[in-house]
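What follows is a set of notes on a single structure, which appears directly below.
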Amino acid sequence: MTHPRGAATPLLSLVLVLAAALFLAGCGGRATTHHKPGTTHEEASGSSGTLLPARDESGHRLREVPAATAPTVRVEARPDTEGGWNVHLTVERFRFTPDSTGGAALPGRGHARLLADGRETARLYGAWGYVPPGVRTLTVRLHADDHTVWAVAGAPVQATVRLDGTPAASAPPSAPPSTPPSATGTATGAAAPPTPLPSETGRTVTLTITGKTVQPPPDRIELKKGERLTLRVTGDRADTLHVHGYDRELPLSPGVPATLTLTVDRTGLFEVETHDSGLLLTQLVVR
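Numbering that gives the first Met the number 0 numbers the first residue of the sequence shown as 0 and each following residue consecutively.
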């Protein structure tokens, strides 16, 4: 028996519609980098950087990237009128990607984590956050989408700032007062350390501040744990130098060389900056 001409057309149309729907369902959704069920975050990671065996305090592995392409973070803490602190982050070579958290580690993407007095307390998926009263030291650390920690030279990319305005218990009695109730911290992906000058008592680095310029330009100083370091700094305005992580400060007077000597007895990455002008002078990498 023959069918009338065009009788198969409705059936063919239905088949084509169903096929198109299946195709769109499988390929037309929003792209995601979330890992597959049954795999860990590290297993789902992309090829960005090198996954190190080292872990941070919370157990997250470090992901090493070259200093020239590494993200950077700067943190500023402002007192809130109802108590606590409003935290603002300034990042470079990095963007917040809350929609792909848990996915692969893609270059320059992820989120930040807040560590209050060394304890992880919150995540930030944008530039602003809040820290409740009672916190003395705040560290902001940059993570990839797979929750690994972006790192340079084996140290996490992070910035630390004091919030309490009092000297740390570990600071020597002769140390000047610590950070005032408004402070900033900076971390960058610098390349080579400035050349230290030889010294009978350790290593000496001389820095000169002119306006917003630091000579030599901010880089990293590689040090061994237990090594003695002397910083000789001359600025063109009154300010205060602060060595984060060691809670050491040095008052700076216009045109007057100032000297700070310390023994680096802690390993990690530590920023040296000025408070008022917010300049990063150098970074100490202690191994």
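We put the beta carbon where it would ideally sit given N, CA and C, even for glycine.
The model shown is predicted, which means the values in this text are computed figures rather than measured ones.
Minimum Cα-Cα distance from Thr233 among the listed residues Arg62, Leu259 and Val242 corresponds to Leu259.
The C-beta separation of Leu268 from Ala154 comes to about 3 Å, placing the pair in contact by the 8 Å criterion. Between His110 and His142, the CB-CB gap stays under 7 Å. About 7 Å separates the CB atoms of Lys224 and Arg286; that is less than 8 Å, so the two are in contact. DSSP links Pro250 through a beta bridge to Thr239. Around the Cβ of Gly48, a 10 Å sphere holds 16 or more other Cβ atoms; the residue is buried. In this structure Glu91 is exposed. Its beta-carbon is surrounded by fewer than 16 other beta-carbon atoms within 10 angstroms. Rounded to whole angstroms, the gap between the alpha carbons of Asp145 and Val72 is 19 Å. Taking the C-beta atoms as reference points, Gly201 is found no nearer than 7 Å to Arg219. The C-beta distance from Leu283 to Leu222 rounds to 6 Å, short enough to fall under 8 Å.
Linking Thr239 to Val151 through their CA atoms gives a straight-line distance of about 27 Å.
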